[in-house]
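In what follows, a single structure is set out as C-alpha cells and then discussed.
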Amino acid sequence: MTAKGTTTKRCYCRRKDGKPLGSSCPKLKQRTHGVWSIRQELPPTMEGDRRLFRRAGYDTQTEAQGDLDKVRALLNIADADDQDGRARLGDLLALVGSGKESIPDLDETKRRFGTGQSLTQHMTVAEWLDLWLAGKKALRKSGHDRYELDIRYHLRPRIGHIRLDRLTVPHLDAMFEGIAETNIEITEANADRRAALAELKATPWKGGEHRARRKVMKDTIDAMAPFRRVTGPSTQQHIRATLRAALNTAIARGSITFNAAQHVELAAAKRPKAMVWTDARIAEWLRTGDKPSSVMVWTPEQAGAFLDFLADTDQRLLPLFHLITFRGLRRGEACGVRWSDYNAATSELTVATQLVQDGWEVVESAPKTDSGERIISLDEYTAEVLEAHRIKQGAERLEWGEAWTDSGRMFTQENGEWLHPGTLTDQFERLVELSGLPPIRMHDLRHVAASLMLAAGVDVKIVSETLGHSDSRITRDIYQSVMPKAARDAAEATAAMVPRGTVRRPVQLAAEPEAAVAEVEAEVEVDPANPEVTPGPGHADGHAMGTQGGAKIILFRPRLARK
Numbered sequence: 098m099t100a101k102g103t104t105t106k107r108c109y110c111r112r113k114d115g116k117p118l119g120s121s122c123p124k125l126k127q128r129t130h131g132v133w134s135i136r137q138e139l140p141p142t143m144e145g146d147r148r149l150f151r152r153a154g155y156d157t158q159t160e161a162q163g164d165l166d167k168v169r170a171l172l173n174i175a176d177a178d179d180q181d182g183r184a185r186l187g188d189l190l191a192l193v194g195s196g197k198e199s200i201p202d203l204d205e206t207k208r209r210f211g212t213g214q215s216l217t218q219h220m221t222v223a224e225w226l227d228l229w230l231a232g233k234k235a236l237r238k239s240g241h242d243r244y245e246l247d248i249r250y251h252l253r254p255r256i257g258h259i260r261l262d263r264l265t266v267p268h269l270d271a272m273f274e275g276i277a278e279t280n281i282e283i284t285e286a287n288a289d290r291r292a293a294l295a296e297l298k299a300t301p302w303k304g305g306e307h308r309a310r311r312k313v314m315k316d317t318i319d320a321m322a323p324f325r326r327v328t329g330p331s332t333q334q335h336i337r338a339t340l341r342a343a344l345n346t347a348i349a350r351g352s353i354t355f356n357a358a359q360h361v362e363l364a365a366a367k368r369p370k371a372m373v374w375t376d377a378r379i380a381e382w383l384r385t386g387d388k389p390s391s392v393m394v395w396t397p398e399q400a401g402a403f404l405d406f407l408a409d410t411d412q413r414l415l416p417l418f419h420l421i422t423f424r425g426l427r428r429g430e431a432c433g434v435r436w437s438d439y440n441a442a443t444s445e446l447t448v449a450t451q452l453v454q455d456g457w458e459v460v461e462s463a464p465k466t467d468s469g470e471r472i473i474s475l476d477e478y479t480a481e482v483l484e485a486h487r488i489k490q491g492a493e494r495l496e497w498g499e500a501w502t503d504s505g506r507m508f509t510q511e512n513g514e515w516l517h518p519g520t521l522t523d524q525f526e527r528l529v530e531l532s533g534l535p536p537i538r539m540h541d542l543r544h545v546a547a548s549l550m551l552a553a554g555v556d557v558k559i560v561s562e563t564l565g566h567s568d569s570r571i572t573r574d575i576y577q578s579v580m581p582k583a584a585r586d587a588a589e590a591t592a593a594m595v596p597r598g599t600v601r602r603p604v605q606l607a608a609e610p611e612a613a614v615a616e617v618e619a620e621v622e623v624d625p626a627n628p629e630v631t632p633g634p635g636h637a638d639g640h641a642m643g644t645q646g647g648a649k650i651i652l653f654r655p656r657l658a659r660k
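Residues 98 to 660 (the working numbering) make up the sequence shown, in order.
Printed below as a string of C-alpha cells:
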C-alpha cells in the first residue's frame, strides 16, 4: 500500500481445505473473474490513530481507479499543513467507507468545507427552520408568531425529516398535495358536524324518546372533530414564502445552492374585493343572509348613521369608532394610542404603539410595520370629539377614585385598564347588529376611512401615509372602494371633458308619442317654407334634426362645451 492508494483484485475461490485462494487464484488473469477493491490511507484522527478507506465490489480496474481518484481529490481539498481540515476530510471518508454511501461530490464538499459546515452531519429541514427562526432577532412578535405557526403546523410535520441539501420541488409538491387532501377531510368533517348540530337543534326536548335520542346525538357530536379552518390559497402562499425565506438564508450561508420553494406553483391567492353596501346588495342580503363579499364597506350615509346611533345610545367608545372611521387606525393602534401621543395644539396624533393579542393575552408592541409609526392630522370636529372624551374620562377617573388604573391610554375600560382588542371586536359587532345597518367587520371601518378619503379627492399618497402603508400601491390595490356617487361623478366629469358642438344626445321617445312630440314642438320651430330645423327658445347654441312632411322629429339636447 502506498500513499497514493492501491487497487487490488481478488476472488472468493477456496482451496480444498476451505481456505480462500485470494490473489493466488489462477483464474484472476481472466477479465471477468474476481472483483476489484481500493484502499487509501486517510489522515489520522485528532488523537493520532491511523485509519483506512476501503471499498470493494468493482467489476473493472477502471471503475476502482475512478473512485480512488475521487477519494484522493477529496483529501487534497485541505492544504498539507492544515491538520484540522485534513482530519475533517478523513472523518468524512471514514464515515462513507464504513457504509454504502456514494463518494461525496467534490464541488459540494469544497463548498461545505469552505463555509465551515460539518462534513459528517447533515441538517434536516426541521433543524434548519428552528435555527433560522431563532436567528431572526429583529423580527416583530407578530411576524415571529406567523413564521412559527407555518413551521409548527405545516413545514415540520410534512418535510421536516428531509435532509436540507436534498430538498426538491417534488417534495414540496407532495406537501401541498397533502394539504389539499387534508382540506377535503376538514370540509367533510365540518359538514358532518354541522349536519349533526342541525339535527340536534331540530329534535324536540319533550318526551323520553326524544331526550334519549338527544343524549345519543350529543355523545356523537362530542366524539366528532371540532370545527377547523381549511388551509386556503393565501395561507399556502405564506407557507411557501416562509420556506423560501429560510432557504434563501441557507443559500447565503453556503448550506445549499438551490431554493426549491422558488419553483413551486400554487393557485393564486385572490384578495377579496371590497364592495360597498348599495341598496340592491342590502336587499339581497336581507333576502338570503349572504354577504356579497367578505370585505364590505359602508357608504358615507351608513357610516354617519352608525356614529349617530352610537351618539343617540350614549356609547362611551363612540370617540374610538369615530377616530377609526375618519382616520383609519388599526384595531390594535386604536386600543394602544396614549394621551401623550395627542397634540391638541396642532391637532396631530402620533401612532407609536399598539395592543395586540397573544393567544388571549394582550401585549404592547410597536405598530405592524415601520411605516405604521406615523403622525396623523385630525380635523376640527374629530379634535372636539376627543376633547369631549377627555373630559368624560376625567369624570370616570373621579368616580372610580383609588380603584382607577392610570394606563395613560386614550381609550380604556371604565376603570382605566387596557381595552382588550378581542372584546372590542365583539362589542363592535354587537353595536352594528343593534344599529340595524348591514354588517361589516371592525377592520372594514379602515376600508371606510380609506374610501371616504379617496372619494373626497384626497391624494392617494396622503391616504397611504394616513393608513400607515409602506407603498401607495397597497392603498390603491386594497382600499380603493370608491363610493357609487363618487364613481358616477367621476364618469360625468370625464364625459364633460369632451366638447360636443354638433353631436347631440337624442331624447328617447316616451311610451306616449303624442307627449314626446308635444315636447319637441314646444322647443323646435319649423318654417314650412324652409324644411331646415330652427333652434327654439333657449337653444341658441343647439339644433334639432327633422324631416319633411310631418315625419318624426328627434330632438338632440345640446351638451355645452367646457370653456
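For glycine and all other residues, C-beta sits at the position ideal for the given N, C-alpha and C.
Ignore the nearest five residues each way along the sequence and tell me which others in residue 532's own chain have a CB closer than 6 Å to its CB.
-> 403 and 406
Is residue 163 closer than 8 Å to residue 221 when the C-beta atoms are compared?
-> no
Complete runs of the alpha helix (DSSP H) confined to the stretch 285–331 [at least 4 residues] | 305–320
In three-state terms, what does DSSP make of residue 410?
-> coil
Can you give me the start and stop residues for the beta strand (DSSP E) that residue 458 sits inside?
-> 458–462
Taking the runs of the alpha helix (DSSP H) that are 4 residues or longer, which of them lie wholly in the stretch 147–201?
-> 158–172 and 180–194
Got a sec? Which residues, its chain only, sit under 7 Å from residue 356 by beta carbon, not counting five neighbours each side?
-> 341, 344, 345 and 348
Determine the extent of the alpha helix (DSSP H) in which residue 510 is found, giving its start and end residues.
-> Looking at the DSSP string, residue 510 is not in any alpha helix (DSSP H), and its letter there is neither H nor E.
Would you kindly check if the distance between the Cβ of residue 210 and the Cβ of residue 203 is under 8 Å?
-> no
Exposed unless 16 or more other CB atoms sit within 10 angstroms - verdict on residue 556 | exposed
Within this structure, are the beta carbons of residue 421 and residue 563 separated by less than 8 Å?
-> no
Near residue 500, which residues of its chain fall below 7 Å by C-beta distance, leaving aside the five closest residues on each side in sequence?
-> 512
Rounded C-alpha distance that separates residue 253 from residue 269 = 12 Å
Segment limits, beta strand (DSSP E) that includes residue 137 | 132–139
Look at the Cβ atom of residue 297, then the Cβ atom of residue 321, and state whether they are nearer than 8 Å.
-> no
Validate contact between the stretch 116–125 and the stretch 166–176 using beta carbons, cut 8 Å, 3 pairs = no
Go ahead and pull the three-state DSSP assignment for residue 557.
-> helix
Option nearest residue 177 by Cα separation, candidates 213, 140, 208 and 149 | 140
Exposure label - residue 116; buried when at least 16 CB within 10 Å | exposed
Please report how far the alpha carbon of residue 372 lies from the alpha carbon of residue 452, in whole angstroms.
-> 29 Å
In whole angstroms, what is the alpha-carbon distance linking residue 303 and residue 312?
-> 13 Å
What residues in its chain sit with their C-beta under 7 Å from that of residue 109, if we drop five residues either side in the sequence?
-> 117
How would you write the range of the alpha helix (DSSP H) that residue 208 sits in, first residue to last?
-> 203–211
Would the beta-carbon of residue 227 fall within 8 Å of that of residue 339?
-> no
Which whole-angstrom value describes the C-beta separation of residue 424 and residue 383, a residue pair presumed to lie in contact below a C-beta threshold of 8 Å?
-> About 31 Å; that fails the 8 Å criterion.
Is DSSP giving residue 455 helix, strand or coil here?
-> strand
In three-state DSSP terms, what is residue 518?
-> helix
Just grab the DSSP bridge partners of residue 280 for me.
-> For residue 280, which the question treats as bridged, DSSP gives no partner whatsoever.
Measure the alpha-carbon distance for residue 588 versus residue 595 and round it to whole angstroms.
-> 12 Å
Going by the beta-carbon positions, is the gap between residue 448 and residue 430 smaller than 8 Å?
-> yes
Comparing the C-beta of residue 306 with each C-beta of chain C, is any distance below 8 Å?
-> Absent from the structure: chain C. Only one protein chain is present.
The alpha helix (DSSP H) enclosing residue 473, as first and last residue numbers | Premise fails: residue 473 lies in the beta strand (DSSP E), 471–474, not in any alpha helix (DSSP H).
Is the beta carbon of residue 521 less than 8 Å from the beta carbon of residue 432?
-> yes
With a Cβ-Cβ cutoff of 8 Å, do residue 358 and residue 331 count as a contact?
-> no
Can you tell me which of the three DSSP states residue 244 falls into?
-> helix
In angstroms, rounded to a whole number, what distance separates the CA positions of residue 329 and residue 285?
-> 15 Å
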